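Using the numbering used here, the final residue of the sequence shown is 1278, and nothing's skipped along the way.
A virtual CB, placed ideally from N, CA and C, is assigned to each residue, including glycine.
Given the structure is predicted, the values throughout are model-derived calculations rather than measurements.
Working notes, structure below.
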Amino acid sequence: MIDFISKRTWGPTPKYPTVLSIKPCKPGKLISIAGPCAIENEKQIKKIASILAKAGCGYIRGGAYRAGTYPPDNFGLDRNLMTMFCNVAKNYGLKSIIEILDIRQLDTILADVLQVGARHMQDYALLTELSKQKKPVILKRNMGATLDEFLGAAEYLVRGGKRNVMLCERGSSTHMNHVRWDLSISLIATIKQMTGLPILVDASHGTGRWDLVAPMTRAGIAAGADGYIAEVHPEPNKSLSDADQAIPLVCYPALHKRIQRIWLNR
1013 MIDFISKRTW GPTPKYPTVL SIKPCKPGKL ISIAGPCAIE NEKQIKKIAS
1063 ILAKAGCGYI RGGAYRAGTY PPDNFGLDRN LMTMFCNVAK NYGLKSIIEI
1113 LDIRQLDTIL ADVLQVGARH MQDYALLTEL SKQKKPVILK RNMGATLDEF
1163 LGAAEYLVRG GKRNVMLCER GSSTHMNHVR WDLSISLIAT IKQMTGLPIL
1213 VDASHGTGRW DLVAPMTRAG IAAGADGYIA EVHPEPNKSL SDADQAIPLV
1263 CYPALHKRIQ RIWLNR
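Okay, here's the thing in structure tokens:
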């Protein structure tokens, strides 16, 4: 009988992933990203963009094509909202970020940066097409993915020569009941040792609790993260989605200032 098990190799071969050989991409400054889970209306986005710009944030993110655990009710998939969002971002001097869910959306998303969410981390057809695009891409780790699987997904983006890729740690599924997801600070430090790609910390999705976003973001930056993603909302209790993890907008400037201080002095 042939022993198939003994012939199986788990994890990457010595040839892969080539992300390990990429010349380190060291950002000139802290990569700061904040915004609402869902793009709701122009008033909301203008208010958020104004505060982010004054605080020194570089990017605003918002969900126009949202991948939720359950089908959304009448929000997202609105081109008018997406156009408004990108225009407001530009007017306030911010780069816009929108998550992409499908190859068919490549020609319709107007944002400056495309985000691949955790649930699409291993959509290899999408990743292959994104590798050909000029726009920067943020790749989030799936909540059940190992380090090898995460870097394997990144390989699809960079193997053709694409270098404007940012990785993002956003927490794992866990048996713990004090958080929704469990953010891995050790993964951030490990990726910094293994690859030259920038790594972001997303403590909003990484915990599911707005009160833990600040301390866990600071921990991620101290561990070597090149930047962060934080969900903010003018009135979190009225947010269309993920209200529990959205930081009150008024708290953002102080959060960004403290994170930037840690980044500069580590």
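First and last residue of the uninterrupted beta strand (DSSP E) at residue i
| i | result |
| --- | --- |
| glycine 1047 | 1043 to 1047 |
| serine 1108 | 1107 to 1111 |
| isoleucine 1071 | Correcting the residue identity first, residue 1071 is tyrosine in this sequence and not isoleucine. Looking at the DSSP string, the run of the beta strand (DSSP E) that includes tyrosine 1071 is 1071 to 1073. |
| leucine 1032 | Here leucine 1032 belongs to no beta strand (DSSP E), and DSSP marks it neither H nor E. |
| leucine 1212 | 1211 to 1214 |
Beta-ladder partner(s) of residue i, from DSSP
| i | result |
| --- | --- |
| aspartate 1194 | Ser1184 |
| lysine 1147 | None, per the DSSP bridge assignment. |
| valine 1170 | In the DSSP output, where bridge partners are listed per residue, valine 1170 has none listed. |
| histidine 1245 | Pro1260 |
| methionine 1178 | Ile1150 |
| glutamine 1127 | Glu1111, Ile1150 |
| tyrosine 1240 | Ser1044, Val1213 |
| alanine 1157 | DSSP lists no partner for alanine 1157. |
| alanine 1050 | Gly1075 |
Check whether residue i and residue j have beta carbons under 8 Å apart
| i | j | result |
| --- | --- | --- |
| valine 1225 | glutamine 1257 | yes |
| leucine 1199 | leucine 1159 | yes |
| aspartate 1238 | proline 1039 | yes |
| alanine 1050 | cysteine 1069 | no |
| leucine 1122 | leucine 1151 | no |
| leucine 1313 | leucine 1064 | Outside the shown range of the chain, which is 1013 to 1278, sits residue 1313, and nothing can be said about it. |
| valine 1244 | threonine 1030 | no |
| glutamine 1127 | arginine 1182 | no |
| threonine 1140 | tyrosine 1168 | yes |
| histidine 1268 | serine 1108 | no |
| glutamine 1056 | proline 1248 | no |
| alanine 1166 | leucine 1209 | yes |
| serine 1184 | methionine 1228 | no |
Range covered by the alpha helix (DSSP H) that runs through residue i
| i | result |
| --- | --- |
| isoleucine 1063 | 1054 to 1067 |
| aspartate 1223 | 1222 to 1234 |
| leucine 1118 | Segment: none, leucine 1118 is in no alpha helix (DSSP H) and carries neither H nor E. |
| tyrosine 1136 | 1136 to 1142 |
| leucine 1093 | 1091 to 1103 |
Cα-Cα separation between residue i and residue j, rounded to whole angstroms
| i | j | result |
| --- | --- | --- |
| isoleucine 1034 | glutamine 1205 | 12 Å |
| alanine 1242 | threonine 1219 | 11 Å |
| arginine 1116 | valine 1125 | 17 Å |
| asparagine 1277 | alanine 1234 | 9 Å |
| isoleucine 1060 | isoleucine 1110 | 15 Å |
| alanine 1197 | serine 1143 | Looking at the sequence itself, residue 1197 is isoleucine, so the reference to alanine does not match. Roughly 27 Å between the two C-alpha positions. |
| tryptophan 1222 | isoleucine 1259 | 5 Å |
| arginine 1270 | asparagine 1176 | 27 Å |
| alanine 1201 | alanine 1130 | 19 Å |
| glycine 1164 | threonine 1207 | 12 Å |
| lysine 1066 | aspartate 1254 | 25 Å |
| tyrosine 1240 | arginine 1230 | 9 Å |
| serine 1216 | serine 1062 | 21 Å |
| arginine 1192 | threonine 1120 | 32 Å |
| lysine 1058 | arginine 1091 | 17 Å |
| threonine 1095 | aspartate 1114 | 18 Å |
| glycine 1088 | glutamate 1052 | Residue placement at glycine 1088 is flagged as unreliable, the pLDDT there being 47, under the threshold of 50; the coordinate-derived value follows with that caveat. Roughly 8 Å separates the two Cα atoms. |
| cysteine 1037 | isoleucine 1211 | 10 Å |
Residue-level contact to chain E via CB, residue i, 8 Å cutoff
| i | result |
| --- | --- |
| arginine 1091 | The structure shown contains no chain E, having only a single protein chain. |
Check whether the stretch 1130 to 1145 touches the stretch 1091 to 1103, counting contact only when three or more Cβ pairs, one atom from each stretch, lie closer than 8 Å. no
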